[in-house]
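*Asks:* Handing you this structure, nothing more for now.
Residue numbers (the working numbering): 723 to 903.
Encoded structure:
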């Protein structure tokens, strides 16, 4: 079963069964997490959310790990080229989100890139945006979440995002495809 189908089936089960949802421990902020897939090196997902109903979740973060990849090679710049290719794949794969995405930071030495909405959504002084933390390496991964910031806030704040099960599954599939280079 594909990762998207696993996600959809599990979220649908939790949304329809209050007892099953309540059985997932919530942290002090009320966040619940389900982990799916990953058997035998297959892609995996971790869905962190506040609440679920029959059709959607209040998404906090989705993390997807791809399959294990061979080393990028010893040639100069090979690791950076892989990271750039992964970032490009994520940007292209998530082009259906509210705002276009762009790389805001790429660190080949740490095999990490940060991708954000560019430009972010601006409503008066409130900025909201998608943030993708991308990690390259033997098993690349990407975590996507929505944040907001406005003057007066010391730092950005997580923004719960109402997402249908289908959208969460689509984002997961897009990330799996981007991480499979």
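Backbone N, C-alpha and C define an ideal beta-carbon position, used for all residues, glycine too.
Please read all numbers here as calculations on a predicted model, not as lab measurements.
Which residues bound the alpha helix (DSSP H) around residue 735?
*Replies:* On the chain shown, residue 735 is found 13 positions in, with the first residue counted as 1. 725-738 is the extent of the alpha helix (DSSP H) around residue 735.
*Asks:* Please look up how many angstroms separate the CB atoms of residue 708 and residue 843, rounded, as I've assumed it's under 8 angstroms.
*Replies:* Look at the range of the chain in this structure, 723 to 903, and you will see that residue 708 is not part of it.
*Asks:* Can you tell me whether DSSP reads residue 768 as helix, strand or coil?
*Replies:* Walking along the chain shown from the start, residue 768 turns up at place 46. Residue state, collapsed to three classes: strand.
*Asks:* What is the residue span of the alpha helix (DSSP H) that residue 903 lies within?
*Replies:* For the purposes of this step, residue 903 is taken as residue 181 along the chain shown, with counting starting at 1. Unbroken run through residue 903: none, as it is neither H nor E.
*Asks:* Among all the DSSP beta bridges, which residues are the ones paired with residue 837?
*Replies:* In the chain shown, counting from the first residue as 1, residue 837 sits at position 115. Answer is 825 and 854, bridged to residue 837.
*Asks:* In three-state DSSP terms, what is residue 753?
*Replies:* Translated into positions along the chain shown, residue 753 becomes position 31. Reduced to three states, the DSSP call for residue 753 is coil.
*Asks:* Under three-state DSSP, which class holds residue 891?
*Replies:* For the purposes of this step, residue 891 is taken as the residue at position 169 of the chain shown. Reduced to three states, the DSSP call for residue 891 is helix.
*Asks:* Tell me the DSSP secondary structure of residue 817 in three-state form.
*Replies:* If you number the chain shown from 1, residue 817 lands on position 95. Coil.
*Asks:* In angstroms, rounded to a whole number, what distance separates the CA positions of residue 841 and residue 823?
*Replies:* Position 119 of the chain shown holds residue 841. Position 101 of the chain shown holds residue 823. So the two alpha carbons sit approximately 8 angstroms from each other.
*Asks:* State buried or exposed for residue 876, treating a residue as buried only when at least 16 other CB atoms are found within 10 Å of its CB.
*Replies:* Translated into the one-based positions of the chain shown, residue 876 becomes position 154. That one is exposed.
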